[in-house]
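Reviewing the structure listed below.
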Amino acid sequence: MTWLSDYTAAISARDAAEKRQSAIIAAYTKLADRTAATSHAPASAAPSSPRLPNRAASPLSKTSSPSRKGAAAAAATGDDASLRAELAATQKARAELAARVKPLGEKLATVTAQAGLDARRIEELSRERAGLERKVRDRDEEIKGKGKLVEEVQDEMLSLDLQLNMAEQRAKKLEQDNAELLRRWMALKRDEAEAMNATLGT
10 MTWLSDYTAA ISARDAAEKR QSAIIAAYTK LADRTAATSH APASAAPSSP
60 RLPNRAASPL SKTSSPSRKG AAAAAATGDD ASLRAELAAT QKARAELAAR
110 VKPLGEKLAT VTAQAGLDAR RIEELSRERA GLERKVRDRD EEIKGKGKLV
160 EEVQDEMLSL DLQLNMAEQR AKKLEQDNAE LLRRWMALKR DEAEAMNATL
210 GT
């Protein structure tokens, strides 16, 4: 499904972004430690240096002290510039990553919301499908019942037709028997009349 692949891609992108941000946090921590160490170095070094009386200081030491201070200041300035450059680069990388993470987060929220909507829609469709399947089963049972009723009616109609045919055959036979009896009775009466006429004629 499209939404599932988008959701998985968004999760992977988010995990990758979090890993990159963890590296940035580690870099920030390292830079903060280095900055703190650099800022505390002159203060910690000052008490440990021995203080010599002014009268014990030689002209050579007075002459070389400014150069050492200049070298230390130049080194500190170089470290500070390097730290600032690293900090600026880290901030830039963080801004770029944040700019990439934001749309991914928005896309993830959209995909998550769409996934929730799809899940609810799937649940609704599943319930609707179950209801329709239940109605189809009910209709099947109803059709089976009506089909059985139709078969019973047809069987009854066939039985009635058979009974009607048998009744018609019996009625026809009775009609034929009645006709035969009537013919015999008329023949008998005719014979009796002829016999009576013959008797009266003699």
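Sequential numbering from 10 applies to the sequence shown in the working numbering.
C-beta: ideal position from N, C-alpha, C; glycine also.
Distance between residue j and residue i (C-alpha atoms, nearest Å)
| i | j | result |
| --- | --- | --- |
| Asp89 | Arg103 | 20 Å |
| Glu150 | Glu142 | 12 Å |
| Ala18 | Lys116 | 10 Å |
| Leu183 | Met166 | 25 Å |
| Leu190 | Glu160 | 45 Å |
| Lys144 | Glu137 | 11 Å |
| Ile131 | Thr99 | 46 Å |
| Met195 | Ala188 | 10 Å |
| Gly176 | Met205 | Position check: residue 176 holds Ala in this sequence, whereas Gly was assumed. Each residue's Cα considered, the two are about 43 Å apart. |
| Gln185 | Gln163 | 33 Å |
| Val120 | Ala139 | 28 Å |
| Lys101 | Ile20 | 24 Å |
| Leu171 | Gly156 | 22 Å |
| Leu169 | Asp147 | 33 Å |
| Arg199 | Thr208 | 14 Å |
| Ala108 | Ala122 | 22 Å |
| Arg179 | Ala202 | 34 Å |
| Gly154 | Gly125 | 44 Å |
| Leu197 | Leu173 | 35 Å |
| Arg193 | Lys181 | 18 Å |
Beta-carbon spacing of residue i, residue j below 8 Å
| i | j | result |
| --- | --- | --- |
| Leu106 | Ala22 | no |
| Leu134 | Glu95 | no |
| Arg129 | Leu92 | no |
Legend entry - Contiguous alpha helix (DSSP H) assignments of at least 4 residues, all confined to the stretch 102-159: none
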